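Below is one structure, written out as structure tokens; comments come after it.
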Amino acid sequence: MPKICVPIIGENREEILQAAREVKKHGIDIIEWRSDYYKEVLDYDRLISLLIELREVVKETVIIFTFRTSSEGGNGGVSDKIYEELNIKIAESGLVDIIDIECMSKEKIARKLIEKIHERGTKVIGSSHNFNNTPSTEIIEKKFMKINNFGVDILKIATMSNSEKDSLNMILASKNISDKLFDKAVISICMGNYGMATRLLGSAITFAFMGEGSAPGQISALDLKKIFR
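This is the structure we're talking about:
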């Protein structure tokens, strides 16, 4: 059964903590802090202070830290140097369980960065996002294998589904990779209305919304809880 993850995308401290309280109240498995929406994300003192408060609110709930760049559909635009510095600071804090690293768009720095995060005791999702289309099953599988070669703990590919066939391609690719890499969790998502089936089948973690969604085609977390019950 997929774990349910709710992204938090607030711009300020109050919005972020209020969203976290709501997620905690409903017993969601995982939260993803989309820090690229936080206006003071590069003020490291404020960032860590807020992260301490966030951890106090959600207690033992798993936290994924994500700074999604604009090249992969996010709200963040920073240099590779700042991207690396930010994620290492978060790993050093010991306050999050998992950090999402964009292996494709940050290919030049990803391997060394992932090693540094692991040295600090934090797990890594290696991710890739395509907001235009979904390639063939074969191409998806090759991309999964490429991400795996960076030494990540969890593999994630999200693409835009423009047809039912796109979603079937993703589900099949996910199954094939899960069979090959049985020791790795695989997150496989097609965005958009055609991709809804992939949020219910085949993915180790499914992303859902409470309040405002962070990607097209997300389902309400409360509806997912009823479906999975």
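So the sequence shown is numbered by numbering that gives the first Met the number 0: it starts at 0 and just counts up by one. Yeah, the Cβ is synthetic: ideal placement off N, Cα and C, and Gly gets one too. No experiment lies behind these values; they were computed from the predicted model shown.
Compare the beta carbon distance of residue i and residue j with 8 Å and say whether it is the shorter of the two.
i: K3; j: T197; result: One point to set straight first is that residue 3 is Ile, not Lys, in the sequence displayed. Not in contact: I3 and T197 (Cβ atoms no closer than 8 Å).
i: V61; j: I29; result: yes
i: A172; j: I146; result: no
i: I156; j: F143; result: yes
i: V5; j: M209; result: yes
i: T65; j: E31; result: yes
i: L199; j: I226; result: yes
i: I100; j: I124; result: yes
i: K260; j: D96; result: This structure leaves residue 260 out entirely; the chain is present only between 0 and 228.
Counting C-beta neighbours from all protein chains within 10 Å, is the total for residue i 16 or more, i.e. buried, or is it exposed?
i: E106; result: exposed
i: R20; result: exposed
i: I240; result: Residue numbering for the chain in the displayed model covers 0 to 228; residue 240 lies beyond these limits and cannot be assessed.
i: R228; result: exposed
i: F149; result: buried
i: D182; result: exposed
i: S34; result: buried
i: S166; result: buried
i: S160; result: buried
Got a sec? Which residues, its chain only, sit under 7 Å from residue i by beta carbon, not counting five neighbours each side?
i: N168; result: T133, S135, T136 and I139
i: L221; result: H25
i: S70; result: S104
i: E52; result: L16
i: S219; result: A207 and F208
i: V56; result: L16, A19, R20 and K23
i: R12; result: L49
i: L180; result: N147
i: K224; result: I3
I'd like the list of long-range same chain contacts for residue i, defined as Cβ closer than 8 Å, with 5 residues on each side in sequence excluded.
i: S202; result: P1, S173, V185, I186, S187 and I188
i: Q17; result: G9
i: V40; result: S34, L46, F66, G75 and L85
For residue i, which residues in the same chain have their Cβ closer than 6 Å to its Cβ, ignoring the five residues on either side in sequence?
i: I15; result: I7 and G9
i: L94; result: L50 and R54
i: N86; result: I98
i: E83; result: I108 and L112
(message) Using 8 Å as the cut-off, can you tell me whether the region 101 to 121 makes contact with the region 43 to 62, which would need three or more C-beta pairs spanning the two stretches below that distance?
(response) The region 101 to 121 vs the region 43 to 62: no contact.
(request) Would you check if there are 3 or more beta carbon pairs closer than 8 Å linking the region 118 to 129 to the region 165 to 181? (result) no
(request) Count the C-beta pairs between the region 116 to 123 and the region 65 to 77 that are closer than 8 Å, then say yes if the count reaches three, no if not. (result) Touching, no, given that fewer than three Cβ pairs across the two stretches are closer than 8 Å.
(message) Report the start-end ranges of each alpha helix (DSSP H) in the region 61 to 121 that is 4 residues or longer and not cut off at the edges.
(response) Taking only runs of at least 4 residues, the alpha helix (DSSP H) segments lying wholly in the region 61 to 121 are 79 to 92 and 106 to 118.
(request) Only counting runs of 4 or more residues, tell me where the alpha helix (DSSP H) segments fall wholly within the region 134 to 212, in order along the chain. (result) 136 to 147 and 163 to 179
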